[in-house]
Amino acid sequence: MLLPSLEDGITLLDVEGGPGVPILQSLVLDHLLLHNGPSFWVDANGHATTTTLSQIAPSQRLLDRIHVARGFTAYQHYGAVRDLSTAVNKTFQKSTADVGTRGRRSPSDDEDASHHTPALIVAPAVDAQYRADDSLGETHAKTLQARTLARLATYADGYDIPVLITRTRDDDFTTSVATAADHHIECKQTRMGPRIVSEDFETLVYPVDDGAYYQTTFAYWRQLLAARASQVGVEPSTPTPSTPTPEGVGTGVTADGETLAMTTDPLLDAWTATGTGGR
């Protein structure tokens with residue numbers, strides 16, 4: 211076991227000392243290596259950074275399976291979560307339409323369609339926009355956040371998949387986040403590197419070069435994911451670390467339909483939500 215597996219239901223990832231973008235992204239990519247289907251990512255606070263994803267992904271094809279939507283206000287974030295099922299349906303309809311254009315169905319058609327059903331939903335910093343929105347009172351913010359968590363729980367049950375969430379900090383405002391979680395993963399920084407602990411997983415050692423030293427940079431996560439890719443027979447296609455990441459390539463679409471430039475093109479454009487700007 212290189213990284214903890216994500217079980218069906220909501221999993222709360224708490225990372226000590228920061229947002230934990232590398233470990234979050236590593237868990238997502240590791241899950242996609244082991245399961246078919248796309249990931250739907252409702253982003254906040256810039257966790258879906260394509261630069262770091264490209265650095266640690268063992269194959270660029272994995273990034274093609276990540277759909278990202280971003281909400282910059284509480285209402286936009288909730289709207290993206292609310293409209294996620296529509297994005298899933300559109301993806302599935304496209305897959306079945308592609309099957310139909312081939313004519314006679316084959317035994318592999320159902321398997322092909324399964325590649326377009328969700329494998330994972332990701333909602334990092336799930337509390338961030340509800341904290342920061344000055345237009346909301348505390349009670350209203352907590353209510354809207356509770357509705358977001360309820361939607362995510364509905365998706366986890368309806369699709370029988372994991373939903374991976376994080377929070378900006380552990381306090382009274384995020385008590386409901388911890389309550390909504392079915393599983394909990396903690397990542398703590400130690401002198402030898404990040405230590406991951408969950409119900410059935412614990413990081414024990416971090417050997418690099420036959421134990422000569424311990425790696426805690428992006429190269430460490432890339433090494434873990436490359437090992438996983440080798441296990442499942444995925445051919446690595448990521449450029450070498452010395453290859454600069456292209457900038458200004460690709461776009462993302464917010465829940466309000468705003469188009470944003472992205473740092474690299476592998477992530478699919480976000481689903482476009484309608485009617486999420488108002489209250």
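In the working numbering, the protein residues as written are 211 to 489. The beta-carbon is built from N, C-alpha and C at its ideal position, and this holds for glycine as well. Here the structure is a predicted model, which means the values were calculated and not measured.
(1) Please state whether the Cβ-Cβ distance between P268 and A436 is less than 7 Å.
(2) Is it buried or exposed, Q441, if we count other Cβ atoms within 10 angstroms and call 16 or more buried?
(3) Following the continuous alpha helix (DSSP H) through L506, name the residue where it begins and the one where it ends.
(4) What does DSSP give as the partner residue(s) for F411 in the beta ladder?
(5) Measure the beta-carbon distance from A363 to I220 and round it to whole angstroms, keeping in mind my assumption that it falls under 8 Å.
(6) Any idea what DSSP makes of R438, helix, strand or coil?
(7) Quick check: the Cα distance between G462 and T261, rounded to an integer number of angstroms?
(8) Measure the C-alpha to C-alpha separation of T301 and L242 and round it to an integer number of angstroms.
(9) Using 7 Å as the threshold, is the C-beta distance between A333 and N255 below it?
(10) For the beta strand (DSSP E) holding G219, just list the boundary residues, first then last.
(11) Can you tell me which of the three DSSP states T450 falls into?
(12) Applying the criterion that 16 or more other CB atoms from any shown protein chain within 10 Å of the CB defines a buried residue, is S408 buried or exposed?
(13) Based on DSSP bridge pairs, tell me the residues matched to L374.
(14) Just grab the DSSP bridge partners of D253 for me.
(15) Determine the DSSP secondary structure at H326, reduced to helix, strand or coil.
(16) In this structure, does DSSP put E348 in helix, strand or coil?
(17) Secondary structure at L400, three-state DSSP: helix, strand or coil?
(18) Using the beta-carbon count (16 or more within 10 Å), is S264 buried or exposed?
(19) Find the nearest neighbour of V336 within the set S295, L239, A390 and P232, judged by alpha-carbon distance.
(20) Could you name the residues of the same chain whose beta carbon sits closer than 7 Å to that of G228, not counting the 5 residues immediately before and after it, in chain order?
(21) Give the single residue among I233, S215 and D224 whose Cα lies nearest to the Cα of Q433.
(22) Compare the beta carbon distance of A284 and L237 with 7 Å and say whether it is the shorter of the two.
(23) Assuming R379 and Y288 form a contact by the criterion Cβ under 8 Å, report the distance between their Cβ atoms to the nearest whole angstrom.
(24) In the DSSP assignment, what residue or residues form a beta bridge with H287?
(25) Are R405 and L212 closer than 7 Å when you measure CB to CB?
(26) Considering V387, what are the terminal residues of the alpha helix (DSSP H) in which it resides?
(27) Judging by CA-CA distance, which residue of Q355, Q270, T400 and I331 is the nearest neighbour of Y340?
Looking at the atomic coordinates:
(1) Their beta carbons are under 7 Å apart, which means P268 touches A436 by this criterion.
(2) Looking at its Cβ environment, which holds fewer than 16 other Cβ atoms inside 10 Å, Q441 is exposed.
(3) A question about residue 506 goes unanswered here, because the residues of the chain that appear run from 211 up to 489.
(4) S408, per the DSSP bridge assignment.
(5) The beta carbons of A363 and I220 sit about 6 Å from each other, so the pair counts as a contact at 8 Å.
(6) R438 falls in the helix class under three-state DSSP.
(7) For G462, the predicted structure reports a pLDDT of 38, less than 50, and the residue's modelled location is therefore unreliable. A value from the coordinates is still provided. Between the alpha carbons of G462 and T261 lies a gap of roughly 14 Å.
(8) Cα-Cα distance, rounded: 17 Å.
(9) Contact flag unset, no.
(10) G219 to V225 is the extent of the beta strand (DSSP E) around G219.
(11) Annotation note: pLDDT 44 at T450 (below 50); position unreliable, coordinate value reported separately. Per DSSP, reduced to three states, the secondary structure at T450 is coil, with no helix or strand assignment.
(12) Taking all protein chains shown into account, S408 has 16 or more neighbouring C-beta atoms within 10 Å of its C-beta and is therefore buried.
(13) According to DSSP, L374 bridges with T221 and V332.
(14) According to DSSP, D253 bridges with R280.
(15) Coil, per DSSP.
(16) Residue state, collapsed to three classes: helix.
(17) In the sequence as presented, Leu is not what sits at residue 400; that position holds Thr. Judged by DSSP in its simplified three-state form, T400 adopts strand.
(18) Buried, since its Cβ has 16 or more Cβ neighbours within 10 Å.
(19) That would be A390, whose Cα lies nearest to the Cα of V336.
(20) Cβ-Cβ distances below 7 Å link G228 to nothing in the same chain once the five nearest sequence neighbours on each side are left out.
(21) Considering only alpha carbons, the answer is I233.
(22) No, the pair does not count as a contact, with Cβ atoms beyond the cut-off.
(23) About 20 Å separates the beta carbon of R379 from that of Y288, a gap too long to meet the 8 Å contact definition.
(24) H287 is bridged by DSSP to nothing; it lacks a bridge partner.
(25) Contact: no.
(26) For V387, the enclosing alpha helix (DSSP H) starts and ends at T385 to A390.
(27) Among Q355, Q270, T400 and I331, the Cα nearest to that of Y340 is on Q355.
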